[in-house]
Amino acid sequence: MAAKLKKGDKVVVLTGKDKGKEGSITLVMPAKGKAIVDGVNIAIRHVKQSQNDQGGRQPKAMPIDLSNLALVDSNGKPTRVGFRMDGDNKVRFAKTTGDAI
């Protein structure tokens, strides 16, 4: 199935501990059906100090399921994403407004 959300999209979390938080997608893993969103699903990782990096407790964004994310449209509201043909090009569009993304 085609990934309806892409890197750089602004999304809102629909369920879970971070419900209602917004952020932009930094990485999409379509095979696993997950994405990493800035500032969402943060976990603390204990990192050992190395010659180049400082060690300690560092926050890290963990993957979140794509089904728990919704694209934010131009009105600032969550929307579903659809596909349609615009001439010879396949474009994504917001289901609520019908605008191309």
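Heads up, the numbering used here is the position in the sequence shown plus 26, with the first residue counted as 1.
From the three backbone atoms N, C-alpha and C, an ideal C-beta is built for every residue, glycine too.
The model shown is predicted, which means the values in this text are computed figures rather than measured ones.
Integer-rounded CB distance, given that residue j should sit under 8 Å from residue i
i          : j          : result
residue 69 : residue 86 : 6 Å
residue 39 : residue 94 : 6 Å
residue 97 : residue 37 : 6 Å
Residue i versus residue j: straight-line alpha-carbon distance, rounded
i           : j           : result
residue 67  : residue 99  : 22 Å
residue 117 : residue 32  : 12 Å
residue 42  : residue 64  : 16 Å
residue 29  : residue 101 : 22 Å
residue 111 : residue 81  : 50 Å
residue 106 : residue 119 : 9 Å
Per-residue burial, residue i [other beta carbons within 10 Å of its own, 16 or more giving buried]
i           : result
residue 126 : exposed
residue 49  : buried
Test item: CB-CB of residue i and residue j under 8 Å
i           : j           : result
residue 60  : residue 89  : yes
residue 121 : residue 113 : no
Beta-bridge pairing of residue i - partner residues as DSSP gives them
i           : result
residue 111 : 116
residue 89  : Answer is none; residue 89 lacks a bridge partner.
residue 84  : 71
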